[in-house]
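Below is one structure, written out as structure tokens; the observations come after it.
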Amino acid sequence: MSDPSRPLRTAAVIPAAGRGVRLGPGAPKALRALGGTPMLVHAVRAMAASRAVSLVVVVAPPDGATEVRHLLDEHPLSDRTDLLVVPGGETRQDSVRRGLAALPDGIDVVLVHDAARPLVPVDTVDAVIAAVRAGAPAVVPALPLADTVKQVEPQPQGTPEPVVGTPERSLLRAVQTPQGFDRETLLKAHDTVVEGEGATDDAGLVERLGQRVVVVPGHEEAFKVTRPLDLVLAEAVLARRRATDGYV
Numbered sequence: 201m202s203d204p205s206r207p208l209r210t211a212a213v214i215p216a217a218g219r220g221v222r223l224g225p226g227a228p229k230a231l232r233a234l235g236g237t238p239m240l241v242h243a244v245r246a247m248a249a250s251r252a253v254s255l256v257v258v259v260a261p262p263d264g265a266t267e268v269r270h271l272l273d274e275h276p277l278s279d280r281t282d283l284l285v286v287p288g289g290e291t292r293q294d295s296v297r298r299g300l301a302a303l304p305d306g307i308d309v310v311l312v313h314d315a316a317r318p319l320v321p322v323d324t325v326d327a328v329i330a331a332v333r334a335g336a337p338a339v340v341p342a343l344p345l346a347d348t349v350k351q352v353e354p355q356p357q358g359t360p361e362p363v364v365g366t367p368e369r370s371l372l373r374a375v376q377t378p379q380g381f382d383r384e385t386l387l388k389a390h391d392t393v394v395e396g397e398g399a400t401d402d403a404g405l406v407e408r409l410g411q412r413v414v415v416v417p418g419h420e421e422a423f424k425v426t427r428p429l430d431l432v433l434a435e436a437v438l439a440r441r442r443a444t445d446g447y448v
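The sequence shown begins at 201 in this note's numbering and counts up by one.
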């Protein structure tokens, strides 16, 4: 049990070992340029922008940890935030687990953030951290859905799919990152839940333990850059920030 008189320390883990095939051939998605700077650098800066985050752990492609370390050294953080780079695994869950294993003692709150969400505002990061510090074992930022969602019976690609249900949209949320966790809860989830058992994110692993997960408001600029059109939108958001906020 943590000492209630000691301030809770927060670290962010950024799994960046994926290839990002939906953006097309070339460098891994996290290393694609956004406004002339790799998306991964933007994502690291987004975590370090929170004064509560004292450490960022980047989980690099298994054979690319040295390259990623050199890249990040070219874009140093302030002295307030430490940086570690560790090699990842074959799956996202394995990569996050390796990032967790690299955390030093004294870290109580862990954020897990997608490298492909480079523009999440610091207010969202701080809101997630605050909710964990207030006692929630797992916290996710999320937005209400703008579109109606249909549940279908899957068919081969290109074949019409029968609709089997229409979930109530007001009860649904589109989940973003960073997701925040009590460290011990997240470690237990990764040690207990086998990948593929119905969980598609870290909060889902905690849900499988029967633990409480809460939602805080997300932000429209915390979208995931997955397809070429997302990159166009991200460039537009970045250009606006640079023009109005002095964003680097």
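Backbone N, C-alpha and C define an ideal beta-carbon position, used for all residues, glycine too.
Asked	Found
At the level of alpha carbons, what is the spacing between Leu240 and Asp314?	9 Å
What's the call for Asp382, buried or exposed, on a 16-neighbour Cβ count within 10 Å?	buried
Let's test the definition: count the other Cβ atoms within 10 Å of the Cβ of Asp402 and tell me whether it reaches 16, buried, or not, exposed.	buried
Is the separation between the beta-carbon of Leu343 and that of Arg369 shorter than 8 Å?	no
Among residues of its own chain, excluding the 5 on either side of Ala230, which ones have a beta-carbon nearer than 6 Å to its beta-carbon?	Ala216, Met239, Leu240, Ala315
Assuming Pro356 and Ala422 form a contact by the criterion Cβ under 8 Å, report the distance between their Cβ atoms to the nearest whole angstrom.	Not really, about 34 Å apart at Cβ, beyond 8 Å.
Just to confirm before moving on: does the CB-CB distance between Val320 and Pro378 stay below 8 Å?	yes
Where Asp347 and Val375 are concerned, what is the direct C-alpha to C-alpha distance, given to the nearest angstrom?	14 Å
Given this structure, state the Cα-to-Cα distance separating Leu277 from Arg209, to the nearest angstrom.	18 Å
What's the C-alpha gap between Gly306 and Val349?	42 Å
Counting pairs of Cβ atoms below 8 Å between the stretch 329–337 and the stretch 291–311, do you hit three or more?	yes
Pick out whichever of Ala327, Pro287, Asp279 has its Cα sitting closest to the Cα of Ile214.	Pro287
Output the residue ranges of the alpha helix (DSSP H) runs that lie fully inside the stretch 400–431 and measure 4 residues or longer, sorted by chain position.	402–408
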